């Protein structure tokens, strides 16, 4: 049975409304019908969104379950699992909508005003509305608008992703200016550190801090902030490990910008004198495995949605950065040091690192924030869980006996006992799992340097106070009090502080550790 709404009231000329009254009546019928139908559809969509997002608004899992069930009972009345019933009904309706002819969807109005105009045309021609046609038009219109919204959101995320990959012209300029200065200015080529400070490089009484990076500007901020925050900067010795491409500008910067009384060493990978054949063979094995993984990863891109996602992931500078994976070779880099603090380059230090240096690791290899079990140690995971890094549905991972609910530590600010590391097989295990992930088609984890380290160092990481690492400042704004109390701020995430997409308040905090009067920074537009 088809339902129609007509605009005429009867056949008696005396009772027929006049033309203006008839048009007003038609508009009134039309508005009532469309508003009623649209309100019903929108109520369903609003209820769906409420059910999907309810969990993030509730204080506990039980509370959320009660809330969701309550909403279902309100929609359907008592009895049974109302939430599931609602979800089944919504999915059924959604399937009907997606079965609409693409031509019908494409021809649908772009807005409610457009729908009203079409209905005016229909009333003017036929003096009645076919309710089934009206419903189809509304569903097609909503589906068309939904697709446009999703397309717009995807495009926005893609543009933001591209913005996070780029290297600003100011940083290119800085690297070129420093390389030029290295060529023409003997001061830029002076030893780093100066010969009289060389003994400090292996002095176990000093606080040794390592950065493995090719980013001159980031290293400058990390070092400057650590020196500024130190109660005894003369104890600090920084070891900046970089690649051959970035060595000249990195050396030039620290030669021209000393951080006395602290000491900085800049060393390229090509400058390490590994007389131990096993050491260089181990480093080369890691480099070779990362290069193989990069090649295989890109060959998996076949045009599917999953492969396109992988292709975008592979464009991140950190995904296949050799330097990121070489953190696992700290014992080879520093054979004469018993311990070292490892900092990522995208950090700002706010408190004296001596407190991190003096952490008791209780016989473990590493001390890091987040390395605890939420049930046994109390509280919740500060960062992510192991199951968010590793694919526990794969037998290779599940057979390890790891607890997926265990909290995962991360790079950023860690203290490493190199002596304990040398007595374990951490590096070999790390390399083995890099290979296994590649051979599995990258099913074990999304490509990155942290997941294999979580496996290799499992059970050998000591949990330290949360104040030593505040992560994700490249993803979200933190609580103001937490920001003030934290010792190391980590801009992990796509919104790096040297990019325009960074959060303005956090970017200003990071820029505050650069000298606004420096000729190199001003000349390249890094600061104004």
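Residue numbers (our numbering): 3 to 530. Where a beta carbon is used, it is the ideal one built from N, C-alpha and C, also for glycine. Keep in mind that this is a model prediction, so the values were computed, not measured.
Could you pull the DSSP bridge partners for residue i from this structure?
i	result
residue 369	417, 464
residue 524	Answer is none; residue 524 lacks a bridge partner.
residue 267	241
residue 387	409
residue 343	211, 417
residue 472	491
I'd like to check one pair, residue j with residue i: are the Cβ atoms closer than 9 angstroms?
i	j	result
residue 423	residue 416	no
residue 420	residue 342	yes
residue 227	residue 418	no
residue 246	residue 270	yes
residue 231	residue 351	yes
residue 471	residue 372	yes
residue 386	residue 412	yes
residue 203	residue 265	yes
residue 225	residue 250	no
residue 278	residue 360	no
residue 209	residue 237	yes
residue 389	residue 216	no
residue 526	residue 143	no
residue 355	residue 489	yes
residue 451	residue 296	no
residue 253	residue 189	no
residue 516	residue 503	no
residue 112	residue 147	yes
residue 145	residue 110	yes
residue 394	residue 302	no
residue 431	residue 325	no
residue 469	residue 170	no
So, under 8 angstroms CB-CB, residue i and residue j are touching, yes? Tell me the CB distance rounded to an integer number of Å.
i	j	result
residue 512	residue 496	No, residue 512 and residue 496 are not in contact; Cβ-Cβ is about 15 angstroms, not under 8 angstroms.
residue 446	residue 392	7 angstroms
residue 180	residue 522	7 angstroms
residue 299	residue 449	6 angstroms
residue 345	residue 211	6 angstroms
residue 218	residue 176	6 angstroms
residue 339	residue 206	7 angstroms
residue 442	residue 481	With a Cβ gap of about 39 angstroms, residue 442 and residue 481 do not count as contacting.
residue 530	residue 436	Between residue 436 and residue 530 the Cβ distance is about 43 angstroms, and since that is not below 8 angstroms, they are no contact.
residue 220	residue 347	4 angstroms
Need the endpoints of the beta strand (DSSP E) that residue i sits in, please.
i	result
residue 490	490-492
residue 229	Here residue 229 belongs to no beta strand (DSSP E); instead the alpha helix (DSSP H) covers 218-231.
residue 349	349-351
Hey, is residue i close to the ligand GTP, as in C-beta under 8 angstroms from one of its heavy atoms?
i	result
residue 235	Annotation note on the ligand GTP: not contained in the displayed structure, which lists no ligands.
Out of the options, which one is the CA nearest neighbour of residue i?
i	options	result
residue 184	120, 256, 195	256
residue 487	231, 254, 353	353
residue 474	325, 467, 492, 169	492
residue 139	151, 152, 150, 119	119
residue 198	190, 171, 267	267
residue 477	490, 216, 469, 508	508
residue 368	465, 196, 355, 400	465
residue 425	504, 438, 398, 337	337
residue 282	152, 302, 331	331
residue 405	440, 434, 461	461
residue 409	437, 396, 453	453
residue 149	107, 291, 221	107
residue 520	222, 414, 169, 201	222
residue 201	239, 192, 182, 170	239
residue 182	235, 117, 248, 325	248
residue 288	434, 414, 383	434
residue 438	468, 399, 105, 483	399
residue 366	280, 463, 479	463
residue 284	427, 105, 479	427
residue 263	137, 518, 229	229
Starting from residue i, trace the alpha helix (DSSP H) in both directions and tell me its first and last residue.
i	result
residue 249	246-258
residue 177	171-186
residue 335	332-335
residue 296	279-301
residue 194	Taken as a continuous stretch (DSSP letters only), residue 194 belongs to no alpha helix (DSSP H), as it is neither H nor E.
residue 532	A query on residue 532 cannot be resolved here, the shown segment of the chain reaching from 3 to 530 and no further.
residue 400	397-400
residue 510	506-513
residue 200	Note, residue 200: premise wrong, no alpha helix (DSSP H); not H, not E.
residue 357	356-359
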